[in-house]
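Here the structure is laid out as structure tokens; the discussion comes afterwards.
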Amino acid sequence: MSNHHDSLSAEEWLPLLSTRRMGREEALVLAETASTNTLLKQLALAGAPAGSLCLCETQTAGKGRLGRSWHSPAGQGLWLSVLLRPRIKPEVAPLVTLCVAMAMAQAVRKVTGLDAQIKWPNDLVLRGKKLCGVLLEIGFGPQGIDYIVAGTGLNVRKGAYPADLAHQATSIEDHISPPPRRELLVHYLAALEEITDRLEESDFAGIAGDYRVHSCTLGSQVKVSGSMEFTGTAEDIDETGALLVRDECGELRRVLAGDVSVRGVMGYV
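Heads up: the sequence shown begins at 22 in the working numbering, then just goes up one per residue.
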């Protein structure tokens, strides 16, 4: 467990919240769980309200995108999932991933002054190395989207990632003395509430504009892997959050899913 100064117990951060609902509903704060996403998904299916969260000191089976595992040792990072129930059409669901990443980027910048940038669609990078990952799990009902579980894993201390990933991972402590994690948490929840409110108000163009400012992907050479594989230049995103890539034949292609490697970021050269 972490020391008292960096405690994530609810009594340490609830009084600091500026939100209307994020973190004020059900809040599970655990020493250990297999996966905050898995646990919160169970609560979502049982009817938990939007703004509920699950926060832990360590995950034994943390999950990343595309079936990967996520390293989340005790006291070294901010490992949490937040329940969203946005009133949006399914076709703009990919934009939620960008919103979650932007909220965490805003929190990191506000608390630490570090210029965290977003690698499409869901990674936060700092000076070319991965600082935070985002994993969304979406449940659909008869009316469309029923819930979205937004999981984030932010590397705060140097022990947050294995030594063999040092060439592509980083932590806040690699750059500055890390702040208490509760400060990052409350600023993240505030930013997440603000940006998801904008999402429900259909401010897709404004959100896409904010993303462009903080993207390390746009304007870069990229390699797209998955159902389609090609290289090209990332030119823009559209208002659904899809990445627009100009391939080597000059064709503009729309990428909704898959892995996108950005030259100069996280070990891709």
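For each residue, glycine too, the CB sits at the ideal point set by N, CA and C.
With 16 other CB atoms within 10 Å as the buried threshold, where does residue i fall?
i	result
methionine 22	Only weak support exists for where methionine 22 lies, its pLDDT of 40 falling under 50; the value from the coordinates is given anyway. Per the 10 Å Cβ criterion, exposed.
arginine 108	exposed
leucine 87	Interpretation of leucine 87 is limited by its pLDDT of 44, a score under 50 that renders its predicted location unreliable; no figure is taken from the coordinates.
leucine 134	Rather than leucine, the amino acid found at residue 134 in this sequence is glycine. With fewer than 16 Cβ atoms within 10 Å of its Cβ, glycine 134 is classed as exposed.
cysteine 270	exposed
alanine 67	exposed
glutamine 97	buried
proline 142	buried
aspartate 218	exposed
aspartate 136	exposed
aspartate 195	buried
serine 56	buried
glutamine 80	buried
alanine 226	exposed
glutamine 63	exposed
Assuming residue i contacts residue j under a Cβ cut-off of 8 Å, what Cβ separation, rounded to an integer in Å, is found between them?
i	j	result
methionine 125	leucine 61	Contact doesn't hold; Cβ gap of about 17 Å is too wide.
alanine 190	isoleucine 159	At roughly 26 Å, the Cβ-Cβ gap does not stay under 8 Å, so alanine 190 and isoleucine 159 are not in contact.
serine 192	lysine 179	5 Å
glutamate 53	glutamate 78	7 Å
Considering only C-alpha positions, which residue in the set the options is nearest to residue i?
i	options	result
valine 155	Gly165, Leu116, Pro199, Arg45	Leu116
arginine 275	Ala67, Ser248, Ala31	Ser248
glycine 162	Glu47, Ser102, Arg106	Arg106
glycine 240	Ser282, Leu35, Trp100	Ser282
proline 183	Arg202, Val243, Asp136, Ala95	Ala95
leucine 119	Glu78, Val243, Thr238	Thr238
threonine 173	Asp144, Glu194, Pro200, His196	Asp144
threonine 59	Ala137, Asp185, Leu157	Leu157
alanine 181	Pro201, Pro200, Leu152	Leu152
methionine 287	Ala278, Gly279, Arg148, Val177	Arg148
tryptophan 100	Val177, Leu38, Gly279	Val177
alanine 128	Leu210, Leu265, Arg45, Glu250	Leu210
Keeping to the same chain, check which residues put their C-beta closer than 6 Å to that of residue i; ignore five residues upstream and five downstream.
i	result
glutamate 214	Thr40, Met43
serine 236	Ile139
alanine 229	Ile258, Glu260
tryptophan 34	Arg203, Leu206, Val207
lysine 244	Thr252, Ser282
aspartate 27	Pro201, Arg202
Taking 7 Å as the limit between beta carbons, can you name the residues of its chain near residue i, skipping five residues before and five after?
i	result
arginine 267	Gly253, Thr254, Glu256, Leu273
alanine 65	Leu104, Gly160, Tyr168, Val170
leucine 277	Pro115, Ala263
proline 36	none
valine 50	Leu29, Ser30, Ala31, Leu76
Take residue i and list the residues in its own chain whose beta-carbon comes closer than 8 Å to its own, dropping the five residues that flank it on each side.
i	result
methionine 123	Ile139, Ala212, Ile216, Ile228, Asp231, Tyr232, His235
proline 111	Phe161, Gly165, Ile166
glutamate 221	Pro107, Arg108, Ile109
glycine 285	Gly149, Ser241
glycine 279	Val245, Ser246, Gly247, Ser248, Met249
Tell me whether the beta-carbon of residue i lies closer than 8 Å to the beta-carbon of residue j.
i	j	result
lysine 131	histidine 208	yes
leucine 74	serine 30	no
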